[in-house]
Structures are given as C-alpha cells and as structure tokens.
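Protein sequence lines correspond, in order, to chains A and B. Residue 55 in my numbering sits at position 51 of the first sequence, with consecutive numbering throughout. Residue 28 in my numbering sits at position 24 of the second sequence, with consecutive numbering throughout. Note that the Cβ used here is the ideal one computed from N, Cα and C, for glycine as well. Computed from a predicted structure; not experimentally measured.
Protein chains: 2
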Amino acid sequence: MTQPHQIILLAHGSSDIRWCETFEKLAEPTVQSIENAAIAYMELAEPSLDTIIAQASRSGARRFTVVPLFLAAGRHLRKDVPAMIEKLEAEHQVSIRLAEPIGTNPKLGLAIREVVRDELGRAES
Amino acid sequence: MTQPHQIILLAHGSSDIRWCETFEKLAEPTVQSIENAAIAYMELAEPSLDTIIAQASRSGARRFTVVPLFLAAGRHLRKDVPAMIEKLEAEHQVSIRLAEPIGTNPKLGLAIREVVRDELGRAES
Numbered sequence: 005m006t007q008p009h010q011i012i013l014l015a016h017g018s019s020d021i022r023w024c025e026t027f028e029k030l031a032e033p034t035v036q037s038i039e040n041a042a043i044a045y046m047e048l049a050e051p052s053l054d055t056i057i058a059q060a061s062r063s064g065a066r067r068f069t070v071v072p073l074f075l076a077a078g079r080h081l082r083k084d085v086p087a088m089i090e091k092l093e094a095e096h097q098v099s100i101r102l103a104e105p106i107g108t109n110p111k112l113g114l115a116i117r118e119v120v121r122d123e124l125g126r127a128e129s
Numbered sequence: 005m006t007q008p009h010q011i012i013l014l015a016h017g018s019s020d021i022r023w024c025e026t027f028e029k030l031a032e033p034t035v036q037s038i039e040n041a042a043i044a045y046m047e048l049a050e051p052s053l054d055t056i057i058a059q060a061s062r063s064g065a066r067r068f069t070v071v072p073l074f075l076a077a078g079r080h081l082r083k084d085v086p087a088m089i090e091k092l093e094a095e096h097q098v099s100i101r102l103a104e105p106i107g108t109n110p111k112l113g114l115a116i117r118e119v120v121r122d123e124l125g126r127a128e129s
C-alpha cells in the first residue's frame, strides 16, 4: 500500500494577474483529472507553496511531490526552492519531493512541435 | 502561394550550459521535423535572435515567426522582445511575427498532465 500523494504544480508567480491566469489554465487539465493536485506560486502570488502545504497537511497529507512549471532549472530551482522545501518539511513534518522541471520531460518537446505546427497553420491561413 | 517561413524557437538564455542544453533538447523534435526551424536565445547565450535572423535573411528568408519557449508572458515578452523584433525588422528588411508564448496553447496543459502522471508513477514505484 502506498500513501496518497499531494501533487503541487509550482509556478513562479507574478503581481501581474495575466501571468497567473496563464498558469492556472496550464494547471487545469491536471487539477481536473488528478486527485489531490493543486497549483502554488513560489513568490508574488497566492496560493503560496506554504499555504498549500499547510492546508493539505491539516487534511492529513504527509507526502508531496512538487512539479515545477518551469521549462528549465535556474537559480530558483537549484537554490531557492530546495531551501523553501527544507524549511516546509521541518515546519509541517511532511516529506516533499522536488521533481525535475517539466521541460526535462520529452513529452514537452513533442508538445512544442505541435504548438509550432499550429503557429505555421495560423501564419499560412 | 505562400513564402517559406523561418520558425525561431526563442528561449531566454543563460550563462549556465545546463539551461541551454535543456532548451536544445526541448527544441529537438521541432528542429528535426519542421523545415527552417531553429532555436535562438534572447540573451546570455548563442545563437542570438540577431544571429539567426541575419543568417536566414542572407539565405533569402523574409518571413519569420518567433515562438517563445516561455510558459507565460512577462516583461520580456511584452516589452523587450517586441523592441528587439522591431529593430531587427528594420535592420534586415524582414517581417517577424511574434507568436504567443507556448504556455497559452492548450496542448501544453495536456502535456503537463502527462508529465504529472509520469511523476506519480515514479513516486509510487
């Protein structure tokens, strides 16, 4: 038996509402079809990672996987997010796995090719 | 008849080689199967947008579509890139269309859901 898992799609966040709306739409297919999945922001927007982990841990979640909605790992994913996670694990007595940024999964490259095909169709219609 | 089109996948760029390698892999399926597609970087890495546009325009390309390998539009895509494009259009006498960032295409959200499924499989195996 495995424990249920809380999935957190982690986006950068911004004070620009349009930025957050794009990420909320990106998260929609996941949130709607995978149980215990939510979006959270690293900074500048709510819900924060802290808010989501506090909430889920109050509901009994102990295991989390953070999937970064970042195409590649820069300073944030190499330093800032691991430090945030370490602090949150201690604070909430939970276990949090930081997955690779989505852009390292080959499925993203295939999706990008389809997006480019859409753009070519748009440009030539 | 429509003119042939040069597609440019535009990534942010970084002095960190691992960052660029991730984007080169992301671009691979597109570059390998769509004619006249190349990756370029906005800053901090080569080939730059300028390099690619200069090269392609020397080979006769007059129409470009820049597809931003960004999940959402922030200051770079709202201000910096349009300004770069305006300058490059004048300089090289070409027409450059800036597409929406890839994250606004619903195909990305579906790919993210599949990435999350992969992560759940990884976490529970």
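Residue burial classification, residue i (beta-carbon count within 10 angstroms, cutoff 16)
i	result
A/SER18	buried
B/GLU123	buried
B/GLN97	exposed
A/GLN36	exposed
A/ILE89	buried
A/ILE57	buried
A/THR55	exposed
B/ALA49	buried
B/ALA94	exposed
B/ALA103	buried
Close Cβ partners of residue i (< 7 angstroms) along its chain, the five nearest in sequence each way excluded
i	result
A/PHE27	ALA15, ILE43, LEU73
A/PRO105	PRO72, PHE74, LEU75, ALA76, ALA77, LEU81
A/MET5	Reliability fails at A/MET5, whose pLDDT of 45 lies under 50, so the model's placement of it is uncertain and the value that follows must be treated cautiously. Excluding sequence neighbours, A/MET5 sits near nothing in its chain.
Identity of the residues DSSP links to residue i by a beta bridge
i	result
B/LEU112	B/LEU112 is not bridged to any residue.
A/ILE12	A/ALA42, A/VAL70
A/ARG101	A/THR69
A/SER52	A/TYR45
Proximity of residue i and residue j at Cβ, strictly below 8 angstroms
i	j	result
B/LEU112	A/LEU114	no
A/ILE38	B/ARG117	yes
A/THR34	A/LEU53	no
Sequence-distant residues of its chain with Cβ nearer than 6 angstroms to residue i (five each side left out)
i	result
B/PRO51	ALA44
B/GLU47	GLY17
A/ARG101	THR69
A/VAL85	none
A/LYS91	none
Neighbourhood of residue i by C-beta distance below 8 angstroms, restricted to the same chain and skipping five residues each side
i	result
B/ASN40	PRO8, HIS9, GLN10, ILE11, ALA60, ALA65
Partner residues on chain C for residue i, Cβ-Cβ distance less than 8 angstroms
i	result
B/LYS111	Reference to chain C is not applicable here, since the protein chains of this structure are A and B.
Mind listing which residues of the region 57–81 of chain B have their C-beta closer than 8 angstroms to chain A's C-betas, in chain order? ARG67, THR69, VAL71, LEU73, PHE74, LEU75, ALA76, ALA77, GLY78
**Against chain B: residues of the region 28–60 of chain A by CB proximity under 8 angstroms** = LYS29, LEU30, ALA31, GLU32, PRO33, THR34, SER37, ILE38, ALA41
Requested in this report: Can you give me, in chain order, the residues of the region 8–27 of chain A that have a beta carbon less than 9 angstroms from any beta carbon in chain B?
Outcome: HIS9, ILE11, LEU13, ALA15, HIS16, SER18, ASP20, ARG22, TRP23, CYS24, GLU25, THR26, PHE27
Would you list, in chain order, the members of the region 88–103 of chain A that have their beta-carbon closer than 9 angstroms to a beta-carbon of chain B? ARG101, ALA103
Cβ-based contacts, 9 angstroms cut-off: residues of the region 113–126 of chain A near chain B = GLY113, LEU114, ALA115, ILE116, ARG117, GLU118, VAL119, VAL120, ARG121, ASP122, GLU123, LEU124, ARG126
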